[in-house]
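Residue numbers (the numbering used here): 5 to 410. Virtual Cβ for every residue (Gly too), placed ideally from N, Cα, C.
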């Protein structure tokens with residue numbers, strides 16, 4: 005009786021060499037995102053070496069030569085090139101990782117050349133954050149490169165998960181150091197909008213001055229010239245009629261001078277330049293059609309630009325009171341709060357209901373004050389009273405900000 009033949013453990017034995025082919029098939033089955041991540045990790049090393057060498061060389065050379073005139077331009081140029089490295093890294097992350105990081109705003113161009121522009125480049129926070137990124141990337145670039153090589157050779161089992169983990173570190177570094185600061189970018193957008201508002205306000209003021217000159221003083225001066233011309237023709241034949249024409253022309257000249265004086269006051273009143281805000285606001289209160297009390301408490305004169313803003317803001321608010329409030333009395337109060345804030349309050353006992361969106365001039369004032377970091381608050385319930393408060397950052401007459409509040 006013949007012995008039984010041992011059964012094979014695998015009725016369909018794999019062909020020779022199939023065991024070595026399985027890992028290759030597993031690796032080829034990885035997703036395209038995994039391969040792009042691996043390529044990113046492999047490129048980390050050369051990019052990290054180049055960036056690290058650049059940063060260390062520039063910082064060491066610039067710091068060593070800072071006692072001479074050469075060190076500052078070397079540092080400024082090096083930091084500007086760091087911005088280029090940051091752009092390259094953002095492009096690489098977007099192409100291989102699908103990570104979209106907005107580029108920081110460009111550094112504002114300085115008209116002043118020389119040391120002013122160089123120091124502005126040295127104060128650029130985007131360049132310094134990029135330099136820090138390039139400096140700390142080298143250790144991680146070495147680690148990620150070695151890890152990527154090991155994954156490609158012996159770590160195929162954990163290839164997708166490990167790649168995602170390594171790439172997550174790169175994503176975090178790029179987001180934290182190469183992305184724009186939200187607060188800074190928001191401030192830049194606000195300043196750009198404020199600059200546009202100031203430009204529009206300046207254009208509107210020029211159109212108003214042109215219109216006032218054309219419709220007012222210019223028309224009166226033309227009538228004055230014509231009246232004097234007719235009086236000259238009648239001087240020999242009818243002296244009495246010529247005298248009446250000269251008298252009329254004299255009246256037109258007085259009105260033209262008054263209109264020119266009012267126009268000059270609307271551009272920049274002489275009393276504000278000569279005697280400051282206390283006298284200027286008192287003059288505004290005296291000209292208001294509603295009896296107005298003025299009170300100014302300032303220890304020193306603010307900057308000329310700040311005086312102009314306060315004056316024209318008070319003038320616009322008093323004009324609104326004359327036109328819309330139906331008030332019996334009003335008040336203008338100006339005082340300094342602490343060391344860094346100037347507070348203007350204009351109040352009346354009128355009918356109330358003032359609304360910055362109602363087209364009474366408050367909307368325009370709000371836009372102008374926003375451009376100067378000012379705040380306008382309107383408290384005007386129906387039936388009154390109305391209190392408009394304006395807060396502006398204090399600036400001394402020498403152009404510097406006031407000291408910080410204690």
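Collapsing the DSSP output to three states places residue 293 in coil. With fewer than three CB-CB distances shorter than 8 angstroms, the segment 63–79 does not count as touching the segment 152–159. The Cβ neighbour count for residue 310, taken over all protein chains shown within 10 Å, is at least 16; the residue is labelled buried.
DSSP places residue 77 within a helical segment (H, G or I) once states are collapsed to three.
Looking at 177, 356, 146, 237, the one whose alpha-carbon comes closest to that of residue 46 is 146. Here the alpha carbon of residue 130 sits roughly 46 angstroms from the alpha carbon of residue 275. Within a 10 Å sphere around the beta-carbon of residue 92 sit fewer than 16 other beta-carbons, which makes this residue exposed. Residue 317 places its beta carbon 8 angstroms or farther from that of residue 298.
By the neighbour-count definition (other C-beta atoms within 10 Å, threshold 16), residue 182 is a buried residue.
About 6 angstroms separates the beta carbon of residue 175 from that of residue 103, a gap short enough to meet the 8 angstroms contact definition.
DSSP places residue 299 in the strand class (E or B) of the three-state scheme. The alpha-carbon separation between residue 140 and residue 89 amounts to approximately 14 angstroms. In this structure, 143 is the residue among 38, 127, 143 with its C-alpha nearest to the C-alpha of residue 55.
Looking at the DSSP output, residue 341 sits in a beta bridge with 345. C-alpha of residue 179 to C-alpha of residue 57: approximately 23 angstroms in a straight line. DSSP, reduced to helix, strand and coil, places residue 350 within a strand of the structure shown.
Residue pairing by DSSP places residue 85 in no beta bridge whatsoever. For residue 164, the enclosing alpha helix (DSSP H) covers residues 163–182. Just so you know, the alpha carbons of residue 71 and residue 399 end up roughly 35 angstroms apart. Counting every other CB atom within 10 Å of its CB across the protein chains shown gives residue 313 a total of 16 or more, marking it as buried.
Cβ neighbours of residue 356 within its own chain (closer than 7 angstroms, five residues either side excluded): 384, 385, 386, 387, 388, 389, 390.
Here residue 84 is exposed. Its C-beta has fewer than 16 other C-beta atoms within 10 Å. Counting along the chain, the unbroken beta strand (DSSP E) around residue 380 starts and ends at 379–383.
DSSP places residue 392 in the strand class (E or B) of the three-state scheme. Boundaries of the alpha helix (DSSP H) harbouring residue 60: 36–68, taken from the DSSP string.
Taking the CA atoms as reference points, residue 44 sits about 8 angstroms from residue 96. Secondary-structure assignment with DSSP links residue 336 through a beta bridge to 298, 350.
Residue range 129–157 is occupied by the alpha helix (DSSP H) that includes residue 143. If the five residues before and after residue 257 are omitted, its C-beta is found closer than 6 angstroms to the C-beta atoms of 228, all from its own chain and listed in chain order. Only buried fits residue 249, as 16 or more other CB atoms lie within 10 angstroms of its CB. Collapsing the DSSP output to three states places residue 241 in coil. In terms of Cβ geometry, residue 87 and residue 105 do not form a close pair [threshold 8 angstroms]. Beta-bridge pairing by DSSP links residue 306 to 400.
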